[in-house]
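Numbering (my numbering), first residue to last: -7 to 387. Please read the structure below before turning to the comments.
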Amino acid sequence: MDENEKQKLIDELLSRGVAEVIDREHLRHRLVSGETLRIKLGIDPTSPNIHLGRSVTLLKLRDFQALGHTIVFIVGDFTGQIGDTSDKESERPMLSREMVRENMATYAEQAGKILDMTRVEIHANSTWLSKLTFSDIGKEADAFSVAEFIARENIRKRLDAGKRVSLREMLYPLMQGHDSVEVSADVEIGGTDQRFNLLAGRKLQEHAGSEPQDILMTNLIPGTDGRKMSSSWGNTINLLDPPRDMFGKVMSVPDTLVETYFIHCTRVPREEVSLVLRSENPRDAKLRLGREIVAIYHGVEAAGDAEDAFVSLFSKREVPRDLREVTISEGKSLLDFLVEQDFANSRAEARRKIEQGGVEINGEKILDRDFVLTSRENLAIIHCGKKDFVKIHIL
RNA sequence: GGGUAGGUGGCGGAGUGGUCAAUCGCACCUGACUGUAAAUCAGGCGACUUCGGUCUACGGGGGUUCGAAUCCCUCCCUGCCCA
């Protein structure tokens, strides 16, 4: 690639979806210099499901990879085995070795949709963290003061609220920082929420007499409901979501987030993004966004199919072309049927859905909760709620 | 070690002897509206029901009472303060 093109890629790398770079000029120099850098990303092995929020850093890593740099994954199996302190259940079992391995395999599979995993180094931090002695830890801990630790916003908030902050949590940045020392990271990447931990890497590297890593922080993106994207909120779009679900979730995002998603979760050129946002109506822009995102994880074809299905089902309110068919025996109550089809979790819920007008047979609302399916309903299409359809054959 | 406050539905959080299947907010479900599964509005939101009710639930166990989420005993767990 020519110099001009490379310069452009570097500019894009350092700005698209990027919240902060430390030290920006230093990193730019190194990128321009042509040396191969080691780019580190820490991975929490407790939750194998990657969501779109995490894809932001992975896409960023892909950009690094495109420039020929080496990606280094650190699996936080050691920290994972100790357990997450923010979890209330104290009896929570530690993550077993097998569990970590399993989670990691799923993780790698998902990350592989974005990155060339054959060119990714993977290390488990238990390899070195488990060998540290108390005096090693003591020395490293000396690089930090209690004051700077509790000055952190999230810690401050919890302390002010009278919440518990475990002493062990103070050790987290140490562990993460130590990882940087071990793998000789040139750059560490993470979300803005990782600021303190990322900086700890710099500090400990200096402490160990090596050159401090540069840090690239990506923005955190809001979830489908506008709040912070988090698995515990249930507002995530997961990389493992089937194409149609994924597409639907993108469509449920508030219009105001479309640009953010375009910038952070796709690599559609920025000029094109602003063009799309300016010229197309919000719905079409969002449809495009859905296609782009689904295409990354499931391919262009699946993306097209997901869009067609969405438009047909929700915009045109059509019965899906490829609807499921089931055969049932005559005389089955609608109530039982809904529960069997998993359209309702209990008979009470099924009753509610019927009484609230959520169930249709051949387009006709059924309000009688004691409705019984007979041969008259043979080949009928039952529609429950907004998206559950099934065609029945009566035996 | 001492003191003190707590453990309620998926979460947050009311309730301190009956009218509590438990106010309310979030999440969720259904409907209306809409370009969207957004926003807004309306209704719903333990299970079973022959729609009269019945059963299971307020950290675990035991007890008092006609009746307990609410009182007593006991066990378990957690926060905060002091040392």
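Cβ atoms here follow ideal geometry from the backbone N, Cα and C, with glycine treated the same way.
So, helix, strand or coil for residue i, using DSSP?
i: Leu231; result: coil
i: Leu6; result: helix
i: Ser338; result: coil
i: Val318; result: strand
i: Leu23; result: helix
i: Pro214; result: strand
i: Leu365; result: strand
i: Val303; result: helix
i: Asp206; result: strand
i: Ala135; result: coil
i: Gly393; result: It is not possible to answer for residue 393, since the shown part of the chain is limited to -7 through 387.
i: Val260; result: coil
i: Lys(-2); result: helix
i: Ser122; result: coil
Quick one: what's residue i bridged to in DSSP?
i: Glu113; result: Val64
i: Phe254; result: BP columns for Phe254 are empty, so no partner.
i: Arg30; result: Thr62
i: Lys383; result: Glu317 and Ile373
i: Val351; result: Cys376
i: Arg13; result: The amino acid occupying residue 13 in the given sequence is Val; Arg does not appear at that position. Val13 is bridged to Leu208.
Are the CB atoms of residue i and residue j nearer to each other than 8 Å?
i: Val24; j: Leu208; result: no
i: Leu5; j: Phe56; result: yes
i: Pro235; j: Ala298; result: yes
i: Cys257; j: Leu330; result: no
i: Gly349; j: Leu359; result: yes
i: His43; j: Ile229; result: yes
i: Arg111; j: Ile63; result: yes
Output needed for residue i: all residues of its chain with C-beta closer than 8 Å, excluding positions within five of it in sequence on either side, in chain order.
i: Lys80; result: Any reading at Lys80 is ruled out, since the residue's pLDDT is 31, under 50, leaving its predicted position unreliable.
i: Ser367; result: Glu322 and Ile386
Ignore the nearest five residues each way along the sequence and tell me which others in residue i's own chain have a CB closer than 7 Å to its CB.
i: Ile14; result: Asp206 and Ile207
i: Met162; result: Phe141
i: Thr98; result: Pro40
i: Val260; result: Phe254 and Glu284
i: Phe239; result: Gly282, Val286, Ala298, Glu299 and Phe302
i: Ala100; result: Met109
Apart from the five residues on each side of it in sequence, which residues of its chain come closer than 6 Å, Cβ to Cβ, to residue i?
i: Ser316; result: A small correction: the amino acid at residue 316 is Arg; Ser does not occupy that position in the sequence shown. These residues qualify, in order along the chain: Val382.
i: Lys379; result: none
i: Val250; result: Ala277, Lys278 and Leu281
i: Phe335; result: Cys376 and Asp380
(message) Across the region 26 to 34 and the region 174 to 181, are there enough close Cβ pairs to call them in contact, namely three or more that are closer than 8 Å?
(response) yes
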